[in-house]
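A.B. asks:
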Amino acid sequence: MTHKIPEWYGEIFPAGPRDGFFHKFGEHAASFVDRGEHQLVISFDNLSDAGFPDTDIKPWAENFVRDNGWSHLGVYSRGPSWYRDARLIRFLEWLRDDGFFTRFERVTLIGTSMGGFAALAFAQLIPGANVVSLSPQTTLDKNLVPWEVRFQKGQVRDWTLPYSDAAEGLDQAGKVYVIYDKLLREDKAQADRLPQDKIIALNAIGCGHKSAVALRRMEQLKPVMKLAITGELTEASFYQMMRSRRNILFYRKVLESHLEARGRADRIPAFRRAFKVRRRQILAAEGAQAEAASSDPAPATATVAGTTSAPVPQVPDVTEAQSVPPLPRSTGAYPRTRANAWMITEQNGGLAYLSDQYENTVIGFEERNGKTLAQTPPVALGMLTYGGQVFPDLPFAEDGRFHVVDENLDGAGPLNGARAIGVCDMLQCRDAGLAGRTVLALTQNQPGITAAEAMPGSDFYQAFLARVKHAVAALEPWGKPLFIDRIALRLLSAAPQVTEAEADQHYSDVMKALRRDLTQITGQGAYPAFVVCQSGGTRTDGTSQVILSEARLALDNPTLNVIVATPAYPFELMEDMPATHSARAQMQITELEVLALRSTQDGQPWHCPQMIYAGLRDEVVTADFSTLSRLELQGGAHGFTISGCDNGAKIASVRVAGDKVQVVLDKKPEGKDLRLNYAWGQTADGSGNHLANQGALTDSWQAESKTCPGETLRRYALSAAVKIFESHH
770 MTHKIPEWYG
780 EIFPAGPRDG
790 FFHKFGEHAA
800 SFVDRGEHQL
810 VISFDNLSDA
820 GFPDTDIKPW
830 AENFVRDNGW
840 SHLGVYSRGP
850 SWYRDARLIR
860 FLEWLRDDGF
870 FTRFERVTLI
880 GTSMGGFAAL
890 AFAQLIPGAN
900 VVSLSPQTTL
910 DKNLVPWEVR
920 FQKGQVRDWT
930 LPYSDAAEGL
940 DQAGKVYVIY
950 DKLLREDKAQ
960 ADRLPQDKII
970 ALNAIGCGHK
980 SAVALRRMEQ
990 LKPVMKLAIT
1000 GELTEASFYQ
1010 MMRSRRNILF
1020 YRKVLESHLE
1030 ARGRADRIPA
1040 FRRAFKVRRR
1050 QILAAEGAQA
1060 EAASSDPAPA
1070 TATVAGTTSA
1080 PVPQVPDVTE
1090 AQSVPPLPRS
1100 TGAYPRTRAN
1110 AWMITEQNGG
1120 LAYLSDQYEN
1130 TVIGFEERNG
1140 KTLAQTPPVA
1150 LGMLTYGGQV
1160 FPDLPFAEDG
1170 RFHVVDENLD
1180 GAGPLNGARA
1190 IGVCDMLQCR
1200 DAGLAGRTVL
1210 ALTQNQPGIT
1220 AAEAMPGSDF
1230 YQAFLARVKH
1240 AVAALEPWGK
1250 PLFIDRIALR
1260 LLSAAPQVTE
1270 AEADQHYSDV
1280 MKALRRDLTQ
1290 ITGQGAYPAF
1300 VVCQSGGTRT
1310 DGTSQVILSE
1320 ARLALDNPTL
1330 NVIVATPAYP
1340 FELMEDMPAT
1350 HSARAQMQIT
1360 ELEVLALRST
1370 QDGQPWHCPQ
1380 MIYAGLRDEV
1390 VTADFSTLSR
1400 LELQGGAHGF
1410 TISGCDNGAK
1420 IASVRVAGDK
1430 VQVVLDKKPE
1440 GKDLRLNYAW
1450 GQTADGSGNH
1460 LANQGALTDS
1470 WQAESKTCPG
1480 ETLRRYALSA
1490 AVKIFESHH
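Set out below in structure tokens:
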């Protein structure tokens, strides 16, 4: 393994030009680079930065702080800790007691969200220090903020530790800048707990909970932070810089969510029309400017959105809750990007060019009808999710916004459901040296879906078809026919009581209808694959027969191209949720779904080990498994149980050999309906952070996860229940 060296270590390593240190304690760490005594910046990781797995880790804002020549104490977190760690607290108090902070003429604590909480909470360690806190929480102590339900993993931390309420201890601080969107009720409620006479509250309206992201996209994060860190930021200068928020689509979408949350969704269409009018006027102004620049160097007479141009009609600024300005773009032969662009050509009514606008990597782009996509092979692949499941947003390193889009060719959606599958597939393609694709990712989702709601003819089903039709039309100007490659199914989440036979029939009916109707819409000559993740029940109950049906979908429907990629039971759940997987678990499940289909498309079979027969001889039950390689038992509960036993026989041990599992009991079991169950039929009290069904049986396949470094992916055996037959051999 090649270890990458972070920039800050290059400054403080033994032969480096500066003094400094690095301390690691448990899930936290701190690095310090001494660049002089005029300014110290103390930064704290936010949730998206926490847990960075590689060796070239950077503290939050590291490049910005270094470029300004400031000393930097960066505090790192390995996860959603909210810095509730006694060792970290003792370390920061030791720095205070040692006089470390008093060496500097000026000290500023900075952070956003979780890091914003820490900046506020630890400010009392350094009297006179400035604070810059973006979209912060003041505490997650349920006794103080029972209404705060957004950060469940943080809530279970130890909030009895010191510095657990950022609303206390700011009386000796210097300037305390708190930047947040007052229209976001939870963030406003958190900020309202702070002493209002002490803080400088800056309203980042339209930025939602991601004020730092919004400022970065409008290219104002660095200017705002520089003035705030040095204590020179004023309300007037902040709001002047915030005017450019109207130039980002992010702002429009946040404002729309605010309107919807307040029951004013009826205003959204007018809001969007105002946005489009403003965009057209700015484009007209920029076009006039470009024409004037090419023919007459004389200055123009009007200014629109910060550019000089010929006079254009002025549109009054829309109110804070209603307006969204357009993305800045050029006209003529220049694309709508602020990034570098090369080799620009006009073709087929649009522009083609090279640019580094995505992840600072130069790739080809195509622009048409106000949309920008990466240049890809001519067929767009459909990756669809249909049914009902709660999907957490996933923290992929990239969002694939120019490759993975919805029916409106918009790539800015949340990373969950079909979009997560598309991004994961994109990353897998890149690692395999394959061309990236335009992926049409549609998630038709209704948590708690019933059989009737998923069937053809339902509003839910017809809405799904309408979205696919819309996508086909949107792709037509790009010359990209749509080929639906896969459909991930999540059915009967609200009907665990149906029988195995009823569940099998329902899945079969829905799959047949989907492949018939969708292929008619797209005109493709081959049917899509159906990818299923076998459900696992809930935290307390794993007795649903739907689980057993899902295990047999590929066997019972051989003509429908069904792949059961993985069972759900091995993966952790979100805290305090009955059956919703954590983001990290869902990333691994998504990766397995992508790998399963890719394997079959490459001509390699994929199926998880599946119990097909159980025979009894004396006190030993021998189970035969259909498996692609030898069976293995991982750590944890083996997962086997006996049901229908009348004489109380109990499992003494489990042995694995090849494709067989021997379940040894303390005596020969007796009963008219003996069954051997694996990872099925189990119940629990819900105290564990996993489903009630549990098991440890896999085959020998394994792979290192590319989405969750440090995790090993395995093919776990599917949940099953089979009748035990008396064996005479």
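FYI, in the numbering used here the residues of the sequence shown are 770 to 1498. Just so you know, even glycine gets a beta-carbon here, dropped at the ideal spot from N, CA and C.
(1) Which full runs of the alpha helix (DSSP H) of 4+ residues lie inside the stretch 1347 to 1400, going along the chain?
(2) Run through DSSP, which three-state label would residue 1459 get?
(3) Return the CA-CA distance between residue 1434 and residue 958, expressed in angstroms with no decimal places.
(4) Assuming the contact rule is C-beta atoms closer than 8 Å, residue 1290 and residue 1234 should be a hit. Round their C-beta distance to whole Å, please.
(5) What's the C-alpha gap between residue 777 and residue 864?
(6) Which residues in the same chain as residue 1325 place their Cβ atom closer than 7 Å to its Cβ, once the five residues preceding and following it in sequence are excluded?
(7) Give me the DSSP bridge partner(s) of residue 1309.
(8) Is residue 1385 closer than 8 Å to residue 1465 when the C-beta atoms are compared?
(9) If contact is defined by three or more beta carbon pairs under 8 Å, each pair taking one atom from either stretch, is the stretch 1116 to 1133 in contact with the stretch 1176 to 1191?
(10) What do you reckon, are the CB atoms on residue 876 and residue 888 nearer than 8 Å?
(11) Measuring alpha carbon to alpha carbon, tell me which residue in 999, 1315, 1343, 1496 is nearest residue 923.
(12) Compute the distance between the beta-carbons of residue 1197 and residue 1367, then report whether it is under 8 Å.
(13) Would you report the Cα separation of residue 785 and residue 804, rounded to the nearest angstrom?
(14) Go ahead and pull the three-state DSSP assignment for residue 841.
(15) In three-state DSSP terms, what is residue 1070?
(16) Residue 1116: buried (16+ other C-beta within 10 angstroms of its C-beta) or exposed?
(17) Relative to the alpha-carbon of residue 1176, which residue among 1399, 1000, 1238 has its alpha-carbon at the smallest distance?
(18) Taking only runs of the beta strand (DSSP E) that begin and end inside the stretch 1426 to 1477, which ones reach a length of at least 3 residues, in chain order?
(19) Taking residue 732 as part of the beta strand (DSSP E), name the residues at either end of that continuous run.
(20) Suppose only complete runs of 4+ residues qualify. What are the alpha helix (DSSP H) ranges in the stretch 831 to 903, listed by chain order?
(21) Skipping 5 residues on each side, what residues in its chain have a beta carbon closer than 7 Å to that of residue 1215?
(22) Between the Cα of residue 838 and those of 844, 845, 830, spot the shortest distance and give me the residue it belongs to.
(23) Based on DSSP bridge pairs, tell me the residues matched to residue 747.
(24) Buried or exposed: residue 794, going by 16 or more other Cβ atoms within 10 Å of its Cβ?
(25) So, under 8 Å CB-CB, residue 1377 and residue 1260 are touching, yes? Tell me the CB distance rounded to an integer number of Å.
(26) Can you give the beta carbon distance from residue 1349 to residue 1161, rounded, assuming they're within the 8 Å contact cut?
(27) Using only the alpha-carbon positions, how far apart do residue 1304 and residue 1444 sit?
(28) Nearest to residue 1288 by alpha carbon, out of 862, 1252, 1224?
(29) Identify which residue in 1315, 1257, 1390, 1294 has its Cα closest to the Cα of residue 1270.
(30) Applying the criterion that 16 or more other CB atoms from any shown protein chain within 10 Å of the CB defines a buried residue, is residue 1001 buried or exposed?
(31) Using CA coordinates, which residue listed in 1394, 996, 1437, 1353 is at the minimum distance from residue 1388?
(32) Go ahead and pull the three-state DSSP assignment for residue 777.
(33) Could you give the distance in angstroms between the alpha-carbon of residue 897 and the alpha-carbon of residue 806?
(34) Span of the alpha helix (DSSP H) holding residue 1276?
(35) With distances taken from CA atoms, which of 1184, 1154, 1152 is nearest residue 1166?
(36) Taking the continuous beta strand (DSSP E) assigned at residue 1125, which residues delimit it?
C.D. replies: Walking through what the data contain:
(1) Whole alpha helix (DSSP H) segments, 4+ residues: 1352 to 1370.
(2) Correct three-state label for residue 1459: coil.
(3) Just so you know, the alpha carbons of residue 1434 and residue 958 end up roughly 59 Å apart.
(4) Sure, about 7 Å apart at Cβ, within 8 Å.
(5) When rounded, the distance between both Cα atoms is 20 Å.
(6) Around residue 1325: 1273.
(7) DSSP lists no partner for residue 1309.
(8) With contacts defined by Cβ atoms closer than 8 Å, residue 1465 and residue 1385 do not form a contacting pair.
(9) Taking 8 Å as the limit for Cβ pairs, the verdict is that the stretch 1116 to 1133 does not touch the stretch 1176 to 1191.
(10) The Cβ atoms of residue 876 and residue 888 lie no closer than 8 Å to each other.
(11) Checking every option, the nearest Cα to that of residue 923 belongs to 1343.
(12) Going by C-beta atoms, residue 1197 is nearer than 8 Å to residue 1367.
(13) CA-to-CA, the gap between residue 785 and residue 804 works out to about 12 Å.
(14) Residue 841: strand per DSSP, three-state reduction.
(15) Unreliable placement is indicated for residue 1070, whose pLDDT of 34 sits below 50; the coordinate value is still reported in the next sentence. Coil at residue 1070, not helix or strand.
(16) Around the beta carbon of residue 1116, fewer than 16 other beta carbons sit within 10 angstroms, so the residue counts as exposed.
(17) Closest option to residue 1176, judged by alpha-carbon separation, among 1399, 1000, 1238: 1238.
(18) Whole beta strand (DSSP E) segments, 3+ residues: 1429 to 1434, 1444 to 1447, 1466 to 1473.
(19) A query on residue 732 cannot be resolved here, the shown segment of the chain reaching from 770 to 1498 and no further.
(20) With a minimum length of 4 residues, the continuous alpha helix (DSSP H) runs that stay inside the stretch 831 to 903 are 831 to 836, 855 to 866, 883 to 890.
(21) 1157, 1222, 1229, listed in sequence order.
(22) Of the listed residues, the one whose Cα sits closest to residue 838 is 830.
(23) The displayed coordinates of the chain run from 770 to 1498. Any statement about residue 747 would go beyond what the structure contains.
(24) Result: exposed.
(25) Contact flag wrong, Cβ pair sits at about 19 Å.
(26) 7 Å between Cβ atoms; contact.
(27) Looking at the two C-alpha atoms, the distance is approximately 21 Å.
(28) When each option's Cα is compared against that of residue 1288, the closest is 1252.
(29) From the listed residues 1315, 1257, 1390, 1294, the smallest Cα separation to residue 1270 is found for 1315.
(30) Here residue 1001 is exposed, its C-beta having fewer than 16 other C-beta atoms within 10 Å.
(31) Answer by Cα proximity: 1437.
(32) Residue 777 falls in the helix class under three-state DSSP.
(33) Each residue's CA atom was taken as its position, placing residue 897 and residue 806 some 15 Å apart.
(34) 1269 to 1291 is the extent of the alpha helix (DSSP H) around residue 1276.
(35) Closest in alpha carbon position to residue 1166, among 1184, 1154, 1152, is 1184.
(36) Segment 1119 to 1127, the beta strand (DSSP E) holding residue 1125.
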